[in-house]
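Taken in order, the sequence shown gives residues 4 to 255; the numbers are from our numbering.
All residues carry an ideal CB built from backbone N, CA and C; glycine is no exception.
In what follows, a single structure is set out as structure tokens and then discussed.
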Amino acid sequence: MYRTTRSSMMQPMINSGMGMAPFFKVTVFEQEHFQGKFMEFTSECCNVQECGMDNIRSIRVESGAWVGFEHHDFQGQQFILERGEYPHWDAYSGNISYHVERLMSLRPIYCAVSTPTDRGGGREVTGGRPEPVCNPPPTSAQSHQSSRMIIFERENFMGRSSEICDDYPSLQAMGWMMPEVGSMHPRPPPLSSPPVPPSCPPCSFVCYQYPGYRGQQYIMECERHSGDYQHWRNWGSHCQTPQIQSIRRIQH
4 MYRTTRSSMM QPMINSGMGM APFFKVTVFE QEHFQGKFME FTSECCNVQE CGMDNIRSIR
64 VESGAWVGFE HHDFQGQQFI LERGEYPHWD AYSGNISYHV ERLMSLRPIY CAVSTPTDRG
124 GGREVTGGRP EPVCNPPPTS AQSHQSSRMI IFERENFMGR SSEICDDYPS LQAMGWMMPE
184 VGSMHPRPPP LSSPPVPPSC PPCSFVCYQY PGYRGQQYIM ECERHSGDYQ HWRNWGSHCQ
244 TPQIQSIRRI QH
């Protein structure tokens with residue numbers, strides 16, 4: 004086996020521009036089940052072939068959350084990689100019908116949330132004023148109080164909308180009756196909320212094409228597109244449809 008380490012600076016904390024984020028570390032392997040040549044990364048890699056690897060077929064995320072991409076330069080299918088082991092492509096692919104065993108670039112996700120100890124709720128917005136559709140229980144996890152995103156029926160933040168602040172294996176079950184989402188807006192914590200510790204910056208969400216967290220994956224981050232995803236084509240270069248039927252928070 005071959006071992007190579009790629010890192011900008013080996014520091015316990017990284018400044019993401021949104022506060023201090025946890026140290027990031029991922030080990031990637033050329034073969035399934037953690038075999039063959041491998042490399043360690045603590046920062047983004049836009050082309051694994053330039054680092055001497057042909058492909059990535061298994062992954063061990065040791066710290067932080069990452070997103071992998073099908074092609075170089077963070078293009079193509081997106082694969083959310085949270086802490087844990089991924090011995091083969093099926094372990095992180097989301098069971099997409101488009102089978103592609105290729106991962107050529109990856110980067111950290113700086114605004115993920117720590118492991119949940121609570122369950123929040125959602126707020127439906129009609130006519131510009133939010134009305135609660137479910138009441139979240141009290142929570143001691145301040146990072147999850149900042150986990151919010153508004154989804155809209157149509158492009159450019161038009162039409163019916165709903166505030167997401169939990170994990171939803173089925174949007175239809177929460178009251179979102181349409182199979183599509185036209186635009187999205189991940190939101191930073193409100194000024195009236197309790198201070199969020201610097202180690203728990205505003206979170207990111209991952210949206211899935213089908214219920215049960217299956218199908219195409221689309222990551223939504225406050226620090227990308229200024230937090231404004233005005234059109235479903237902003238979700239990624241691989242996006243071909245506005246169909247979204249499950250959403251969850253990304254964990255580090």
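Rounded to whole angstroms, Q38 and A94 show a C-alpha spacing of 16 Å. Under the rule that a run must span 3 or more residues, the beta strand (DSSP E) segments found entirely inside the region 85-110 read 87-89.
Residue pairing by DSSP places W69 opposite L84, P111 in a beta bridge. Of the other Cβ atoms in all chains shown, fewer than 16 fall within 10 Å of the Cβ of A176; this residue is therefore exposed. A straight-line Cα-Cα distance of about 32 Å links L109 and W179. With contacts defined by Cβ atoms closer than 8 Å, H241 and E73 form a contacting pair. DSSP places F37 in the helix class (H, G or I) of the three-state scheme.
Judged by DSSP secondary structure, H188 falls within the beta strand (DSSP E) whose first and last residues are 186-190. Using a 10 angstroms sphere on the CB of S229, the tally of other CB atoms stays under 16, which defines it as exposed. V31 and E43 have their C-alpha atoms some 7 Å from each other. Look at Q212 here: in three-state DSSP terms it is strand. For G239 against Q81, the beta-carbon gap comes to about 6 Å, under 8 Å, which counts as contact. In the structure shown, H234 adopts coil according to DSSP, grouped into three states. At a Cβ-Cβ threshold of 8 Å, V209 and I253 count as neighbours. Secondary structure note for M181: it is in no beta strand (DSSP E), with a DSSP letter that is neither H nor E. N58 and R217 have their alpha carbons spaced roughly 24 Å apart. Using a Cβ distance threshold of 8 Å, F41 and S66 do not count as a contacting pair. By the neighbour-count criterion, in which 16 or more other beta carbons inside 10 Å mark a residue as buried, Q243 falls on the exposed side.
For T30, the beta-bridge partners assigned by DSSP are E43, R63.
In the DSSP annotation of this structure, the continuous segment of the beta strand (DSSP E) that includes E166 starts and ends at 161-167.
In the displayed model, C54 falls within a helix according to three-state DSSP.
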